[in-house]
Amino acid sequence: MQEHRLSYSIQRMAKLFEVSLSGYYGWLKRDISPREQHKNRCELLVKSAHLDTKESYGHERLHQHLTNHGHDISLYMVRQIKQENGIYCKRHKRFKTTTDSNHNKPVYPNLLEQQFDVVAPHIAWVSDITYIWTSEGWVYLAAVKDLYSKEIVGYALNKHMTADLVCEALNNAIKYKRPARGLIVHSDRGSQYCSHQYRQIIEKYGLAGSMSRKGTQA
Numbered sequence: 001m002q003e004h005r006l007s008y009s010i011q012r013m014a015k016l017f018e019v020s021l022s023g024y025y026g027w028l029k030r031d032i033s034p035r036e037q038h039k040n041r042c043e044l045l046v047k048s049a050h051l052d053t054k055e056s057y058g059h060e061r062l063h064q065h066l067t068n069h070g071h072d073i074s075l076y077m078v079r080q081i082k083q084e085n086g087i088y089c090k091r092h093k094r095f096k097t098t099t100d101s102n103h104n105k106p107v108y109p110n111l112l113e114q115q116f117d118v119v120a121p122h123i124a125w126v127s128d129i130t131y132i133w134t135s136e137g138w139v140y141l142a143a144v145k146d147l148y149s150k151e152i153v154g155y156a157l158n159k160h161m162t163a164d165l166v167c168e169a170l171n172n173a174i175k176y177k178r179p180a181r182g183l184i185v186h187s188d189r190g191s192q193y194c195s196h197q198y199r200q201i202i203e204k205y206g207l208a209g210s211m212s213r214k215g216t217q218a
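Residues 1 to 218, numbered by my numbering, are exactly what the sequence shown covers, in order.
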């Protein structure tokens, strides 16, 4: 698992409810085979790279993009994942919405304003939620990505899409990377990210919360 926790590079990305981090790792190893773990990891990499390249790369170019960024994934795997998930250039089949922005909770201003070009790591992180298939069925994945390095700095899995899910992902990122105060943490306006628990984490570590405008992801 140590090698996997930094390997994902996303777009949306799900902790088992109220278990320790060590307990979660044990569950993941026990219930998901190494082959399934590798396939899920590769699926996240391909989906993330597809979005990072503006949905414009074919499988060969996308494979080259991933290998250039140091990811160990075969051309066959890239092609297979694109076919299985309906990922096509300029005709990408989008994920269904995984967060609900129709709420009255307070939101952070958009500190990025679609300016995603940063000059160093740990200036801005972005977080999102997606869902993945496992031997136990569908689970939600929340991931935190560094905008500069495209590295996944923290993530969490859960069978339910709750505030605990995104809080666990952010706490894991903070624990591992120990960012300086003032780091921007950007997300959409989903109710999970607007929760009191999530805002408490941001305030506790002196981070700068940022959220996309309603109806957008940036």
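Using N, Cα and C, we set each Cβ at its ideal position, and we do this for glycine too.
Check whether residue i and residue j have beta carbons under 9 Å apart
{"i": "HIS50", "j": "LYS82", "result": "yes"}
{"i": "HIS65", "j": "TYR76", "result": "no"}
{"i": "ALA208", "j": "LEU111", "result": "yes"}
{"i": "VAL139", "j": "TYR155", "result": "no"}
{"i": "TYR148", "j": "ALA124", "result": "yes"}
{"i": "GLN192", "j": "ALA173", "result": "no"}
{"i": "SER126", "j": "VAL185", "result": "Here residue 126 turns out to be Val, not Ser, going by the sequence shown. Against a cut-off of 9 Å, the Cβ pair of VAL185 and VAL126 comes out as a contact."}
{"i": "LEU183", "j": "LEU44", "result": "no"}
{"i": "LYS167", "j": "PRO106", "result": "A quick correction: the sequence has Cys, not Lys, at residue 167. In this structure, PRO106 does not lie closer than 9 Å to CYS167 by Cβ."}
{"i": "ILE201", "j": "ASN171", "result": "yes"}
{"i": "LYS54", "j": "ASN85", "result": "no"}
Separation of residue j from residue i, as counted between CA atoms
{"i": "ASN158", "j": "PRO121", "result": "27 Å"}
{"i": "THR134", "j": "GLU36", "result": "7 Å"}
{"i": "LYS96", "j": "LEU62", "result": "Caution is warranted here: a pLDDT of 43 is assigned to LYS96, below 50, making its placement in the model unreliable, and the coordinate value is therefore given only provisionally. Cα to Cα, the separation comes out at about 23 Å."}
{"i": "MET211", "j": "SER33", "result": "36 Å"}
{"i": "THR130", "j": "MET161", "result": "9 Å"}
{"i": "ASN68", "j": "HIS59", "result": "14 Å"}
{"i": "ASN40", "j": "GLU151", "result": "16 Å"}
{"i": "GLN80", "j": "ILE73", "result": "11 Å"}
{"i": "SER187", "j": "LYS177", "result": "18 Å"}
{"i": "TYR88", "j": "VAL153", "result": "28 Å"}
{"i": "ARG213", "j": "LYS175", "result": "29 Å"}
For residue i, the three-state DSSP class (helix, strand or coil)
{"i": "SER48", "result": "helix"}
{"i": "ASN40", "result": "helix"}
{"i": "ASN220", "result": "Because the chain here runs from 1 to 218, residue 220 falls outside it and cannot be looked at."}
{"i": "MET77", "result": "helix"}
{"i": "ARG158", "result": "Per the sequence shown, the amino acid found at residue 158 is Asn instead of Arg. Three-state DSSP puts ASN158 in a strand."}
Ordered list of beta strand (DSSP E) runs contained in the segment 175–201, each at least 3 residues = 184–187
3-residue-minimum beta strand (DSSP E) runs that sit fully inside the segment 116–156, ordered along the chain | Listed in chain order, they are 124–134, 137–146.
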